[in-house]
Structure formats: structure tokens, C-alpha cells
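To start, the structure itself, in C-alpha cells.
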Amino acid sequence: MRRRVTPLGLMLALTFTTGVVDAVGYLRLDQVFAGNMTGNVVILGMAAAGRTHLPVLAPALALLSFLAGAAAAGRVLRTAAPGWSRRCTGLLSGVALVLAATALGLPVVGADTPGTRALMASALALAMGVQAATARHLAVRDVTTVVVTSTLTGLAADSRLGAARRQQAPRRAAAVALIIAGALTGAALCRVHEGLAVAAAALIALTVSGLGHVSAHFADHAAADRPVTSPSKRGSPTEPSTAGAGPSGTRAAGPPLARHQRKGRS
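If you're matching positions, the sequence shown starts at 8 in our numbering and goes up one per residue.
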């Protein structure tokens, strides 16, 4: 189980989820990015110029919700040990719960007015903020689960055409490919209903939470069952012989027979 389920694989699955959620936000919720906050900041900047017909309410609320989710997750994880813990399981389960509630809310409440679209986008951004902060705590290199700009930068800069440095090209390429695949899947599911796309993202987040918890549980048990070698067993299994030791406990030079021979010659 521990060999098949790795933090890298789990974070790549969440990267796919981000692609799905961002597709829903952009295509159905006033061009809002739930995970990629750079896009929302740029939209708000352009909207500030006026006469752009760009949305303001939804991106602004999504940005605030993302920050709130990240802050809440940071508070939960501030004293957590590195690596996967029950807190990570709880946070990612919360992400799945928020996504599931949003998936149910979309067909019930609808997304026909700017207010409801902003509300749904804010819920998605809240979940992505929690996810991003949890991924940051787990610290899987080159996989933040919400953006791939830095991943693309590293992939190009360290390539043979760039600095020609050794790099984890497969994982970087996988992160980019999976967020694209997620966006493609989200767009396809939106043709049926946007709630279906969010429900798929919720299912993936819940699966990641469960697999991560089980994998960490097995790892803890394996570490507990590993035999510990005591310092006394690392040395020689027998104590050194004290034959011929002097009054101080030190061994006299040479065997007794050699000492008698030396006395006879003298």
C-alpha cells in the first residue's frame, strides 16, 4: 500500500481536481478561477480600468474565500508534524465536503444570477484554498495542486535548451498534463451539468483523503514494528578475555609462556 500510494501521486490527483473546478468557475461562474488566484487578480486589475464588462463581485469574493480557506488550514496545521497526519485527512475531507455541498447546491440554487454565481464560486475557492495550504504543508516538490506557472518555469529553465540542470521532468510534465486533463474533463462534464463536474472533483478529493490516511496509518505501523537494535548488540558478542591482566585490569604484554622464556634468557 505504501509503495503504491505516494504523496506525489495524491497531489497529482488533486492537481487534476483543480483543473475540473477551474473549468466550472470559468465556464459557468462568471469567468472566475477557483484555484488559480493569479487569474482573478488580473481580472480585477483589468476591471478597475472600467468599461471592460468584466465581473468584479465574483472574482473578489473568490479571492477572499481562497485566502480564508488557506488561513484556516494554516491555523490547523501550524503545530502539525511534517508529512501526512490526521489533520491533513480532516482538511482534505473538508474540501470534499464543501465541493459535494456545492455540487448539490448548483442544481438547487442555480447559477442564473450574479449573486448565486458569486456564492458558488466562493465556495469552490474556499475549498481550493484549504487544498493549497494542505499541499503546501505536505511539500511535494513542483506540485502545488493549484497552479503550474512555477512548474512550467522550472521545466523550461532546467531543460537542455535552458540551464541543462538535472530536474524531475516527469513529475513536472505530469502536473501540467493533469491540470489540462482536469480542465478538459470539467468542460466536458459542464455540457451535461456543472454540478456533475464539481461532484467528480469532490469524489477525487475524498478518495485522496482516504488513501492518504490509510497509507500514513500503514507507514506508522511499519515503523512501530521495525526491530530496534540495542547498542550492546552492535559490538562484539563476547567480552574480551581478561587472562593475563595485571592488577590494574590491563592485559600483560604477550602470553605467559613468552614471559617465562624471556626470564630464562636474562
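Glycine included, each C-beta is placed from N, C-alpha and C at the ideal position. This one's a predicted model, so the numbers in the text were calculated from it and none came from an experiment.
Residue span of the alpha helix (DSSP H) that contains Asp-29, given as start and end: Looking at the DSSP string, the run of the alpha helix (DSSP H) that includes Asp-29 is 14-35.
Distance between His-200 and Ser-129 (C-alpha atoms, nearest Å): Rounded to the nearest angstrom, the two C-alpha atoms are 19 Å apart.
Completely contained alpha helix (DSSP H) runs for the region 159-211, where each covers 4 or more residues: With a minimum length of 4 residues, the unbroken runs of alpha helix (DSSP H) contained wholly in the region 159-211 fall at 176-197.
Beta-carbon gap between Ser-72 and Leu-133 smaller than 7 Å: Contact flag set, yes.
Close-in-space but distant-in-sequence residues of the same chain around Arg-35 (CB under 7 Å, 5 per side omitted): In its chain, beyond the 5 residues on either side, Ala-118, Cys-197 and Glu-201 have a beta carbon closer than 7 Å to the beta carbon of Arg-35.
Any non-hydrogen atom of the ligand NAP within 6 Å of Thr-24 CB: Ligands displayed in this structure: none; no statement on the ligand NAP is therefore possible.
Extent of the continuous alpha helix (DSSP H) run through Pro-114: Per DSSP, Pro-114 belongs to the alpha helix (DSSP H) from 93-116.
Under the three-state DSSP convention, the category Leu-61 falls into: Correct three-state label for Leu-61: coil.
Cβ-based burial, His-60 [other Cβ within 10 Å; buried from 16]: Residue environment for His-60: exposed (fewer than 16 other C-beta atoms within 10 angstroms of its C-beta).
Range covered by the alpha helix (DSSP H) that runs through Gln-38: Note, Gln-38: premise wrong, no alpha helix (DSSP H); not H, not E.
Inter-residue spacing [alpha-carbon to alpha-carbon] between Cys-95 and Val-115: Rounded to the nearest angstrom, the two C-alpha atoms are 30 Å apart.
Rounded Cβ spacing between Leu-51 and Ala-67 (contact assumed at less than 8 Å): Contact holds; Cβ gap of about 6 Å.
Rounded straight-line distance, which links the Cα of Ala-139 to that of Gly-122: Approximately 25 Å, taken between the alpha carbons.
Buried or exposed (CB count within 10 angstroms, at least 16 for buried), Pro-6: Nothing can be reported for residue 6, as the shown portion of the chain is limited to 8 through 273.
Of the listed residues Leu-15, Arg-11, Leu-17 and Leu-21, nearest to Ala-207 (C-alpha basis): It is Leu-21 whose Cα lies nearest to the Cα of Ala-207.
Under 7 Å between C-beta atoms of Ala-65 and Ala-125: Yes, they are a contact pair.
Nearest candidate by alpha-carbon position, reference Thr-152, set Thr-24, Thr-13 and Ala-107: Selected option, being the one with the closest Cα: Thr-24.
Nearest neighbour of Leu-145, chosen from Asn-47, Val-28, Leu-98 and Leu-185 [CA to CA]: Looking at Asn-47, Val-28, Leu-98 and Leu-185, the one whose alpha-carbon comes closest to that of Leu-145 is Leu-98.
Separation of Gly-219 from Ala-142, as counted between CA atoms: Their Cα atoms are separated by approximately 12 Å.
Cβ separation of Ala-170 and Ala-164, assumed to be a contact under 8 Å, to the nearest whole Å: Your pair Ala-170 and Ala-164 checks out as a contact, with CB atoms roughly 6 Å apart and the cut at 8 Å.
Beta-carbon proximity of Ala-194 to Val-155, cut-off 7 Å: No, these two residues do not count as a Cβ contact at 7 Å.
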